[in-house]
Amino acid sequence: MPLIHQLASLGLLLSLISHVARSGSPDSQQLSSQCRACSAIAAAFQRGLERTARDNFGGGNTNWEETRLGTYALSETRLVDITDRLCKDKDNEMDGVTSSECHAMLEKIEEDIEKFWFGAFKANPTSASLRDSVCVNGTAACCVYGRWGPECAPCPDCSGGRGDCNGNGTRTGTGACDCHPGYSGAQCSDCSAKYYRANGESNGECKACSPACRSACTGPLATQCDQCADGYETVQQADGAACVDIDECQTRSPCSGPRSFCENLPGSYRCGDCDRACSACSGPGQAGCTACSPGFEPATTGSGCQDVNECSPDSPHCTGPYERCVNL
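Heads up: the sequence shown runs through residues -23 to -1, 1 to 305, numbered per mature numbering (1 follows the signal peptide of the UniProt record, and there is no 0).
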């Protein structure tokens, strides 16, 4: 066989081996799903421990039971009581884990849970962690919290809790800091746009500017904006220039049509349709009417319009002996 054909065949063989190796190992989505399911089971297990903390064998004579059967707290009976309800725990659904995902993972780690119970937990019930023992060291689906990725590398500091490590506790992620609202930068040490540094401290808390500010400010007031946001204008006041809301309904009447009204909002406005009781209005509902539609009349109390009762005793309608008037 010519050398070039031999090399081509070798390349194809290596490609197939590589494909089989890749397909035989879980991808990042599978790892993420497995870690999430295992972590949810570990959290449900902890809730089960709390739920059964004051239970006993149920026979009525606790001292006799513990003498003859051992302590319920470390018994197989308690373990069964907890594991039977792990995938019935409604809080699992809040973690995004379906019942089928939970049962599939529980079947995979059931023996590991039993080893944990009679091993690490029995040796030290107060500090033993099912997640660390089973999800991290057993299945290797997760990392301990504070580490991320395939090699469980250390997470960055993210400025002492002002952000979260992407992939924290899992075998996936980027390890980058996902900053909390108001913070930015690789370590979440900077303030985002529309936030300011409280008390002027270099590492102080980032707090929100006034909605009147466009992008930056020195404090929370509308007088502390660098520039005004859209829908606001600079107005000189006793304590200095401030960004004040523009009342679009007064300055340019943006809502057209005889049966519509304009409602001013902070930095904006809203157009609405008049109530059917109104032939013209300045606001929503019958109370917003400035003129009444046919079949309605000015309200006797307050403002706006009210329905005319065509069936009142002095009404000329429905005068026949077999007629009944129904007001609409």
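All C-beta atoms, glycine included, are put in the ideal place defined by N, C-alpha and C. Note that the coordinates shown come from a computational prediction; the quantities given were computed from them, not determined experimentally.
From the DSSP output, in three-state form, read off R247 for me. strand
Quick one: using the 10 Å Cβ neighbour count with 16 as the cut-off for buried, is F93 buried or exposed? buried
Here's a check: name, in chain order, each residue in its chain whose Cβ is nearer than 7 Å to the Cβ of T60, leaving out the five neighbours to either side. I90
So the alpha helix (DSSP H) D284 belongs to, where does it begin and stop? Careful: D284 lies outside any alpha helix (DSSP H), inside the beta strand (DSSP E) at C282 to D284.
Go ahead and pull the three-state DSSP assignment for C288. coil
For the structure I just gave you, are there three or more beta carbon pairs, one from the region 217 to 236 and one from the region 173 to 185, closer than 8 Å? no
So the alpha helix (DSSP H) G138 belongs to, where does it begin and stop? C135 to G138
Excluding the 5 residues flanking L109 on each side, which residues of the same chain have their C-beta closer than 7 Å to its C-beta? For clarity, residue 109 is Asp in the given sequence; the question names Leu instead. Taken in chain order, the residues that qualify are V121.
Just checking my contact of E84 with S10 at CB under 8 Å: how many whole Å lie between their CB atoms? So it is not a contact: roughly 15 Å between Cβ atoms.
Please report the Cβ distance between C269 and C255, rounded to the nearest whole angstrom; I am assuming they are in contact, meaning their Cβ atoms lie under 8 Å. 7 Å
Between the C-alpha atoms of L107 and V113, what's the straight-line distance to the nearest angstrom? 9 Å
Using a threshold of 8 Å, state whether the C-beta atoms of S280 and A264 are closer than that. yes
Assuming contact is defined by CB atoms lying nearer than 8 Å, are I86 and G115 in contact in what I supplied? yes
According to DSSP, is Y122 helix, strand or coil? coil
Which class does G73 belong to by DSSP, given the choice of helix, strand or coil? coil
With DSSP as the reference, please indicate the residues paired to R174 in a beta bridge. C183
Quick one: residues in its chain with C-beta nearer than 6 Å to the C-beta of C183, no 5 flanking neighbours on either side, listed in chain order? G159, Y160, C168 and Y172
List the endpoints of the continuous alpha helix (DSSP H) containing Q23. S5 to R28
Beta-carbon separation (whole angstroms), T195 vs A219, contact threshold 8 Å: Rounded, the Cβ-Cβ distance is 13 Å, inconsistent with contact.
Secondary structure of L242, DSSP reduced to three states: strand
C-alpha distance - G152 paired with T48, whole-angstrom precision: 44 Å
Go ahead and label P21 buried or exposed: buried means 16 or more other beta carbons lie within 10 angstroms of its beta carbon, across all protein chains shown. The question names Pro, but residue 21 in the sequence shown is Ala. A21 should be labelled buried.
Alpha carbon of P243 to alpha carbon of R139, nearest angstrom: 30 Å
Just verifying my parser: in three-state terms, what is the DSSP assignment at C79? helix
Return helix, strand or coil for Q201, following the three-state DSSP convention. helix
Going by CA-CA distance only, name the one from C190, G217, C202 and V221 that's closest to E210. V221
Do you know whose CA, among N286, C248, M82 and G260, lies nearest A19's CA? M82
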